[in-house]
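Engineer: Just passing along the structure, written as structure tokens.
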Ligand SMILES: [Mg+2]
Ligand SMILES: [Zn+2]
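In our numbering, the protein residues as written are 16 to 197.
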């Protein structure tokens, strides 16, 4: 199976910093078109997102899951199916004890991607990741997945010094000019 792994904040929605409320979740306008194209070309879609806001107590895991529900329903309305949302609630310097660990899922570690590969028999050599931070790119490369950096979100901070295989204006640019041209 071929897959595209998506970072969330700064790729799918505007990164307003620790987004955890529906009213703050603003989809980038061309996300739907981009994901529809991937789906129509046989890619399964996954989200892999660091959510250390849970570990530092800015919001709860329940808040995150509620927002995820909303996001998935919006995608559904556009005919887009996200196979699974993987999230890392941890941070080694957190304030909520349960989540305050050094884990192997927080990007740039690749635990979330590794788990998806195993659970869904993903072929890394046919798969891609789209992220707005170098830590997204590094996580993908650890699992042998090609990675594109977008200039949306935090992306502009990293364009001068990235190991990404492609730099795109936004998610749709990456899909049309990198992933679907492979
Ligand atoms: Mg991001
Ligand atoms: Zn983690």
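Just so you know, even glycine gets a beta-carbon here, dropped at the ideal spot from N, CA and C.
(1) For residue 145, is the classification buried or exposed, using 16 other Cβ atoms within 10 angstroms of its Cβ as the cut-off for buried?
(2) Could you check the C-alpha separation between residue 29 and residue 22 for me, to the nearest Å?
(3) Find the nearest neighbour of residue 171 within the set 160, 153, 149, judged by alpha-carbon distance.
(4) Which residues in the same chain have their Cβ closer than 8 Å to the Cβ of residue 115, if we skip the five residues on either side of it in sequence?
(5) Check each residue's C-beta against every heavy atom of ligand 1 and list, in chain order, those closer than 7 Å.
(6) I need the straight-line Cα distance from residue 35 to residue 77, nearest angstrom please.
(7) Start and end of the beta strand (DSSP E) containing residue 146?
(8) In the DSSP assignment, what residue or residues form a beta bridge with residue 185?
(9) Would you say residue 121 touches ligand 2, meaning its beta carbon is less than 7 Å from a heavy atom?
(10) Measuring straight from C-alpha to C-alpha, what distance separates residue 65 and residue 182?
(11) For ligand 2, is there a heavy atom less than 7 Å away from the beta-carbon of residue 156?
(12) State yes or no: is the C-beta of residue 93 nearer than 7 Å to some heavy atom of ligand 2?
(13) Roughly how many whole angstroms lie between the Cα atoms of residue 46 and residue 67?
(14) Return the first residue and the last residue of the beta strand (DSSP E) that residue 21 is part of.
(15) I think residue 199 touches residue 59, with their Cβ atoms under 8 Å apart; what is that distance to the nearest whole Å?
(16) Quick check on residue 24: does DSSP put it in helix, strand or coil?
(17) By how many angstroms is the C-alpha of residue 79 removed from the C-alpha of residue 113?
Structural biologist: So, from the listed chains and residues:
(1) Answer is buried; the Cβ neighbour count reaches 16.
(2) Residue 29 and residue 22: Cα-Cα distance of roughly 12 Å.
(3) Among 160, 153, 149, the Cα nearest to that of residue 171 belongs to 149.
(4) The answer, listed in chain order, is 70, 105, 106, 107, 108, 109.
(5) Cβ atoms closer than 7 Å to ligand 1 belong to 22, 23, 24, 25, 26, 30, 146, 147, 148, 151, 168, 169.
(6) A straight line joining the alpha-carbon of residue 35 with that of residue 77 spans about 10 Å.
(7) Its beta strand (DSSP E) spans residues 143-146.
(8) Answer is none; residue 185 lacks a bridge partner.
(9) At least one heavy atom of ligand 2 lies less than 7 Å from the C-beta of residue 121.
(10) Each residue's Cα considered, the two are about 21 Å apart.
(11) Outside the cutoff, so no.
(12) It does not: the Cβ of residue 93 is nowhere closer than 7 Å to a heavy atom of ligand 2.
(13) About 24 Å.
(14) That run of the beta strand (DSSP E) goes 18-21.
(15) The requested residue 199 is not part of the displayed model; the chain covers only 16 to 197.
(16) Annotated three-state conformation of residue 24 is strand, per DSSP.
(17) Between residue 113 and residue 79, the C-alpha separation is close to 16 Å.
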